[in-house]
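Colleague: Protein chains in written order, with my numbering: chain P, 1 to 354; chain E, 1 to 354; chain L, 1 to 354; chain B, 1 to 354. C-beta atoms are modelled at their ideal positions from N, C-alpha and C, and glycine is treated no differently. Below are the structure tokens for one structure; questions will follow.
4 protein chains.
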Amino acid sequence: MTLGMAVIGAGYWGPNLVRNISSSAATSLHWLCDLDVERAAGVVAPYAGVATTGDLDEVLADPRVEAVAIATPAATHFELALACMEAGRHVLVEKPLASSLAEGRKLVEVAQARGVTLMTDHTYCYTPAVRRIREMVQDGTLGDIHYVDSVRINLGLVQRDIDVIWDLAPHDLSILDFVLPAELRPTGVAAHGADPIGAGRACVGYLTLPLPRSALAHAHVNWLSPTKVRTTIIGGSRRTLVWDDLSPTQRLSLHDRGVELDASLRDEDRRAALVSYRIGDMVAPALPESEALQGVVAEFASAIAQDRAPATDGHAGVRVLELLEAASRSLDSAGALVPVGDGGAGLGAGMGPK
Amino acid sequence: MTLGMAVIGAGYWGPNLVRNISSSAATSLHWLCDLDVERAAGVVAPYAGVATTGDLDEVLADPRVEAVAIATPAATHFELALACMEAGRHVLVEKPLASSLAEGRKLVEVAQARGVTLMTDHTYCYTPAVRRIREMVQDGTLGDIHYVDSVRINLGLVQRDIDVIWDLAPHDLSILDFVLPAELRPTGVAAHGADPIGAGRACVGYLTLPLPRSALAHAHVNWLSPTKVRTTIIGGSRRTLVWDDLSPTQRLSLHDRGVELDASLRDEDRRAALVSYRIGDMVAPALPESEALQGVVAEFASAIAQDRAPATDGHAGVRVLELLEAASRSLDSAGALVPVGDGGAGLGAGMGPK
Amino acid sequence: MTLGMAVIGAGYWGPNLVRNISSSAATSLHWLCDLDVERAAGVVAPYAGVATTGDLDEVLADPRVEAVAIATPAATHFELALACMEAGRHVLVEKPLASSLAEGRKLVEVAQARGVTLMTDHTYCYTPAVRRIREMVQDGTLGDIHYVDSVRINLGLVQRDIDVIWDLAPHDLSILDFVLPAELRPTGVAAHGADPIGAGRACVGYLTLPLPRSALAHAHVNWLSPTKVRTTIIGGSRRTLVWDDLSPTQRLSLHDRGVELDASLRDEDRRAALVSYRIGDMVAPALPESEALQGVVAEFASAIAQDRAPATDGHAGVRVLELLEAASRSLDSAGALVPVGDGGAGLGAGMGPK
Amino acid sequence: MTLGMAVIGAGYWGPNLVRNISSSAATSLHWLCDLDVERAAGVVAPYAGVATTGDLDEVLADPRVEAVAIATPAATHFELALACMEAGRHVLVEKPLASSLAEGRKLVEVAQARGVTLMTDHTYCYTPAVRRIREMVQDGTLGDIHYVDSVRINLGLVQRDIDVIWDLAPHDLSILDFVLPAELRPTGVAAHGADPIGAGRACVGYLTLPLPRSALAHAHVNWLSPTKVRTTIIGGSRRTLVWDDLSPTQRLSLHDRGVELDASLRDEDRRAALVSYRIGDMVAPALPESEALQGVVAEFASAIAQDRAPATDGHAGVRVLELLEAASRSLDSAGALVPVGDGGAGLGAGMGPK
């Protein structure tokens, strides 16, 4: 049995959802809903049997619709997701889950109360590269995690409503959340940013995230770089992984080299190392070619069918929102470290510049 | 007339000084001084007329010696430089100038009192690439400086006495000091670090340095990366410069592309840009091939001959020490921003972990 | 007035033609013709007003159809193009123009006799990169052309009916024909190939093409390489151009460096150069983003409207066929140089292995 | 017991031999002989116990001298090596072994007659990369060898006496000779070249070398390229190896991907493959850091001590000369394929343009 679905939002991301939900054997698309009905009609033209409307009630009145995918501006996620869940529908929400932590937590509560599935569309987590990274972090291939350094810079669209951290860092934060085991999640955030062009919001941002066991994560996000870089390094005690998302042929490379502490060394020379080095092979594993969003749709349908939490559930969306809000607070207080998780206050004013 | 010189220290850097002072037409090398006299003798074997000794007094008793280059462990810089200057000699000191800000300031005072030249060997500043960067920053080629992002990561020697920030960041900080005009120097430092291997000192470090006019500098230094990266991006309002020090053929690239704020834009779309983009050519300027240390020696001899301050004088060395001390204080206080310059306390405990 | 068109062939290339002809303001698409009518119907589903048929006569009976684009297997090009032209239609033919030189020449004759436009779809010639290369070759930016070295290797589909030279080299040969002025066209071809996997046809091929004025062109085509390379170097007396079609950011780079003969030099040293070197800047010009096939369609419509020969006309298609046939003959005679152009016999047996 | 040695030639390569022979535990250097005695004296200054002379007889009169390394212009190799061998000395000769095939064969004969060791200094064969390549070719890691494609291009010194093929291709040909088993050696050569700058000799060259079992080798050598490329691809039935000698971190990469013929496939589609593809991991093996010339000296001393042929003996030097002469003949006859080995005439006029 396929899952009957509707998509809300015919803008940038909606058409990709339409295409993937239409082509998946696990789902059937019945509606595309957008206030701009003409635009919606253009999007669904190639697909048979998909109706369009500007009225969400019409969608929710259709008993074939068991689940809704929401791809509208972030500020509207909360209200739309709430309406769908209160109408008993499962919901897949584009990242970020909502525009504030409080809203995100409310959505999780409602999903639990209603017994519906709430999934955050952290798309990157469903790429072959990130799936493989998660495996290698969790099966011990990398050993203990020492540091995670992420760079996501580009000549990017300066957004009207959110700064570069809320625009780009959700990718890095959701990936971090996905690949690290729960006991290694960040304990805080310090954020620095700059708005050198006078855009009214940070265009360059740096996030530092202390991790348990003396490890550290860091992300550099930047809208002003003429060169495009999307690289993440995950340093481990056994191996180090480099993910270069722009490399067509060598997306992941696993380096069997590193530094090992040798406390027994006693060398009087000033330059003496306390460590020894391991220089080994590098392996670039072959990755399957598959579209991440196909994996998102499959996971959503499968989680509903099996009545289990999806890999990037509402809680994952909430954790990312918590980090983003903490980052905004840190930015407002000269980069002071803001704790999260058990140690975090967890109260904030939501996304965007004030 | 050539400048009569001695070198102190036959370790890692001393032999390079010996070679360059010997081969320069502006200088004559008379002594190499090291406690390990045998090692010193091996270093000077190919050069005629260079004597060796383990006794600095013997060097300073030689009236041919007008200037001394010091390439010993940082902890000894202060005492040796002081002795040489008090004996009326000009002094060139390997970076860092001293092991604390207080020592560095004292050296500057003594140099002024004695009327001798004190130069810090910020070698990178004399590479063809950095000289060219300075020109392009200062002649307006880049326009207003928006951000400076520096990455210096490698599988590096974990030092016994200093952390990765004191080991590697002096390069980035001295370059920043050299290329930026005085009015754009950093106003503070926030530092984050991690010691995931239990080495007793930070092996991964991030420095954030607010600059005047809403600009920002940032440096990532790391001893634990299996891939070597040495890249600095300087974003400007007119052009952006990328310096990849490991690229054999394209060390500098100047990108005539960027983001321009256009306040008149009114676009109702959520993804609308407030900005327009400029996509232009990229130019990789040809750089002369020359050894940086040759430039250091030439600048030192020339500054003495012309009785002027060298480009990287004692003050430059002091400014770098001030930033390093501020970084250490920030590291000790969870990354809190520590002001420097007029706003900085300027008192600290020197280098290294406590 | 827009040009009324039909497309024949709904396979690999046809859908791209359908999309570009539909979206161009200069053309209107009326028919997609393919023996597999169901496939054709799937292709045109998103486009309004495009009929499908398996019968070419039906297309040619429609007076709205002024021009036909043919994207069928090469073996059928001749017959289909002939039929269309004899019905008074202008024709755009996917490369190669036909499956033998004799067929190609016949098509040119018929086009002239009928007064219709015959264009070869040498798509690469309409990319922003190749257009710019042509400009720089022809306006003297490069100076005299010294050599052209092209590498097009990949893990490619081993074709059933043609060898790697007929499959891939048409790209290189058509680009060479497009960018070089008529007086610099190749005077012959020597071809070497290998079939190490026993596929029944060459899977690795090398073409050497002497050019007038002591210049030389060479192309390496290969179906068996696990790494993908698409690079062309055009060496000139003033500058050298490197085209790396796989580089996202630096597709073209213009090197102002080279070797200059200095006949006055007299140096007795064995290693002495007879030449001097010029080391200058490198410039990577910004290129517009545009789809090549859009340019093909625009050129076809414009050439018809203006009653002029298109940039890649039937003659260009014939010249490429002549080089391909000469390459096949060379391959059959151990790499012997086969003259083309005025010196070439111009008779051959067409494409593919015997 | 160490091997007593002399070096002849204090030019470009001689000082490297001096340094490596001096530092090897297996050899002792007694003489450096060069007509320019002053230059020779400068070269040996840092080394104790090395005398200089302009007179070879003085060297050969010294009974401590058991072996001689010759690093003089190629035109003098024959006479000098002959003199040394006739005086009973083992000889190591810089590539090319001699300036003609006839000379090379004579040297081999004399070495056999005199019972001395004759070794060709094919330096590249002693790099860690090439040693590893040889292992992987010969132990079956690559499977059957399908093709070898080598590119060695650069802005190089245009030589006075030899063309680009004699200057650069000896590297590629000696490596090919070294890594391939005897039964896979080239059976002929076709050479194409161009002299577009009027230097009087080919500055751009292409060699095609048919190998047994339908395999093919090819080399592109070029003095006029502003970009430097030194890459060799060895395609095999099991894996393909890419050697990028300019990559600091990934000199060798072993690709577990390729094309496999599947004769059972019957696909009516025009684009149908006769093959299947294997997409696997890529491995970049760690290579030891070692200087190739150190390996040359060690192999020479070890071969003499063990009374065995060195890995690159006189026969290897002769095979390379045979290919070079065949290439020159092919160049003179419009690229006609010239057989070598059992099928080759083996008579030629030696190196260089006429």
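Going by the CB atoms, is the gap between Thr123 of chain L and Ala292 of chain L shorter than 8 Å?
Modeller: Yes, the pair counts as a contact, with Cβ atoms nearer than the cut-off.
Colleague: Below 8 Å between beta carbons: does that hold for Leu211 of chain E and Thr187 of chain E?
Modeller: A contact, by the Cβ cut-off of 8 Å.
Colleague: Please tell me whether Ala129 of chain P has its Cβ less than 8 Å away from any Cβ of chain B.
Modeller: No, no contact with chain B.
Colleague: Is it buried or exposed for Ser24 of chain B, if we count other Cβ within 10 angstroms and need 16 for buried?
Modeller: When all chains shown are included, Ser24 of chain B counts as buried.
Colleague: Leaving aside the five residues before and after Leu209 of chain P along the sequence, list all residues of the same chain whose C-beta is less than 6 Å from its C-beta, in chain order.
Modeller: Pro186, Val189, Ala217, listed in sequence order.
Colleague: Could you work out which residues of chain E lie near Thr249 of chain B, taking near to mean beta carbons separated by less than 8 Å?
Modeller: Near Thr249 of chain B (Cβ distances below 8 Å), the residues of chain E are Thr227, Lys228.
Colleague: With distances taken Cα to Cα, identify the nearest neighbour of Ser214 of chain L among L:His146, L:Thr231, L:Leu180.
Modeller: Looking at the Cα atoms, L:His146 is the closest of the given residues.
Colleague: Between which two residues does the alpha helix (DSSP H) containing His356 of chain E stretch?
Modeller: Past the edges of chain E, shown from 1 to 354, lies residue 356 of chain E, and the structure says nothing about it.
Colleague: Using a Cβ cut-off of 9 Å, which residues of the segment 194-208 of chain L contact any Cβ in chain E, in chain order?
Modeller: Those would be none; no residue qualifies.
Colleague: Between the alpha carbons of His315 of chain P and Ala102 of chain P, how many angstroms are there, rounded?
Modeller: Cα to Cα, His315 of chain P sits roughly 12 Å from Ala102 of chain P.
Colleague: By DSSP's criteria, Tyr206 of chain B is part of a beta bridge. Which residues make up the other side?
Modeller: Beta-bridge pairing links Tyr206 of chain B to B:His192, B:His220.
Colleague: Which residue spans inside the segment 128-154 of chain E form an unbroken alpha helix (DSSP H) run of at least 4?
Modeller: Runs found: 128-138.
Colleague: Could you list the residues in the segment 34-50 of chain L with a C-beta less than 9 Å from some C-beta on chain E, going in chain order?
Modeller: Here the close residues number zero.
Colleague: Determine the burial state of Gly198 of chain L: buried for a count of at least 16 other Cβ atoms within 10 Å of its Cβ, exposed for fewer.
Modeller: Answer is exposed; the Cβ neighbour count stays below 16.
Colleague: Mind pulling the chain L residues with CB within less than 8 Å of Ile279 of chain E?
Modeller: Residues of chain L passing the Cβ test: Ala286.
Colleague: Is the segment 140-154 of chain P touching the segment 276-285 of chain P, taking contact as three or more C-beta pairs under 8 Å?
Modeller: These segments do not touch.
Colleague: In or out: Glu109 of chain P buried (at least 16 other Cβ within 10 Å) or exposed?
Modeller: Under this definition Glu109 of chain P is an exposed residue.
Colleague: Please check the pair Gly317 of chain B and Pro96 of chain B, which I expect to be a contact at CB under 8 Å, by giving their CB distance rounded to whole angstroms.
Modeller: Between Pro96 of chain B and Gly317 of chain B the Cβ distance is about 7 Å, and since that is below 8 Å, they are a contact.
Colleague: Please decide whether Leu80 of chain P counts as near chain E, where near means a Cβ-Cβ distance under 8 Å.
Modeller: Answer no: the Cβ-Cβ gap between Leu80 of chain P and chain E never drops below 8 Å.
Colleague: What would DSSP say about Pro170 of chain B, mapped onto helix, strand or coil?
Modeller: Three-state DSSP puts Pro170 of chain B in a helix.
Colleague: At what residue ranges does the segment 55-142 of chain B contain a whole run of the beta strand (DSSP E), taking only runs of 3 or more?
Modeller: Those beta strand (DSSP E) runs which fall completely within the segment 55-142 of chain B and span 3+ residues are 67-70, 90-94, 118-121.
Colleague: Please report the straight-line C-alpha distance between Thr168 of chain E and Thr312 of chain E, rounded to a whole angstrom.
Modeller: Correcting the residue identity first, residue 168 of chain E is Leu in this sequence and not Thr. Taking the straight line joining both Cα atoms gives about 18 Å.
Colleague: Can the beta-carbon of Thr232 of chain E be found less than 8 Å from the beta-carbon of Asp149 of chain E?
Modeller: Contact: yes.
Colleague: Using a Cβ-Cβ distance cut-off of 8 Å, determine whether Met136 of chain L contacts chain E.
Modeller: Judged by the 8 Å Cβ criterion, Met136 of chain L is not in contact with chain E.
Colleague: Give me the residue from B:Ser28, B:Arg329, B:Leu323 with the minimum Cα distance to Tyr47 of chain B.
Modeller: It is B:Ser28 whose Cα lies nearest to the Cα of Tyr47 of chain B.
Colleague: Taking only beta-carbon positions, decide if Met282 of chain E is within less than 8 Å of chain L.
Modeller: So yes, Met282 of chain E belongs to the interface.
Colleague: Flag this pair as touching only if the segment 12-21 of chain L and the segment 51-59 of chain L have three or more C-beta atom pairs under 8 Å; answer yes or no.
Modeller: Verdict: no, contact absent.
Colleague: Interface residues of chain L around Val259 of chain B at Cβ under 8 Å?
Modeller: Within chain L, the residues near Val259 of chain B are Leu155, Val158, Ile197, Cys203, Trp223, Leu224.
Colleague: In this structure, what does DSSP give as the bridge partners for Thr27 of chain P?
Modeller: P:Leu3, per the DSSP bridge assignment.
Colleague: What is the C-beta distance between Leu323 of chain L and Ala334 of chain B, in whole angstroms, given that I count them as a contact (C-beta under 8 Å)?
Modeller: In fact, because the Cβ distance is near 17 Å, the residues do not count as touching under 8 Å.
Colleague: From L:Ile133, L:Ala129, L:His77, pick the residue whose C-alpha is nearest to that of Leu107 of chain L; which is it?
Modeller: With distances taken between Cα atoms, Leu107 of chain L lies closest to L:His77.
Colleague: For Gly258 of chain L, does the three-state DSSP call read helix, strand or coil?
Modeller: Here Gly258 of chain L sits in strand by DSSP.
Colleague: Leaving out five residues on either side along the sequence, give the residues of the same chain with a beta carbon under 7 Å from the beta carbon of Pro339 of chain B.
Modeller: Cβ neighbours of Pro339 of chain B beyond the five flanking positions: Thr187, Gly188.
Colleague: With a Cβ-Cβ cutoff of 8 Å, do Leu32 of chain B and Ala45 of chain B count as a contact?
Modeller: Taking 8 Å as the Cβ cut-off, Leu32 of chain B and Ala45 of chain B do not qualify as a contacting pair.
Colleague: Excluding the five sequence neighbours on either side, which residues of its own chain have a C-beta within less than 6 Å of the C-beta of Val7 of chain L, listed in chain order?
Modeller: Counting only Cβ-Cβ distances below 6 Å, and skipping sequence neighbours, we find Gly14, Leu17, Val18, Leu32, Ala69.
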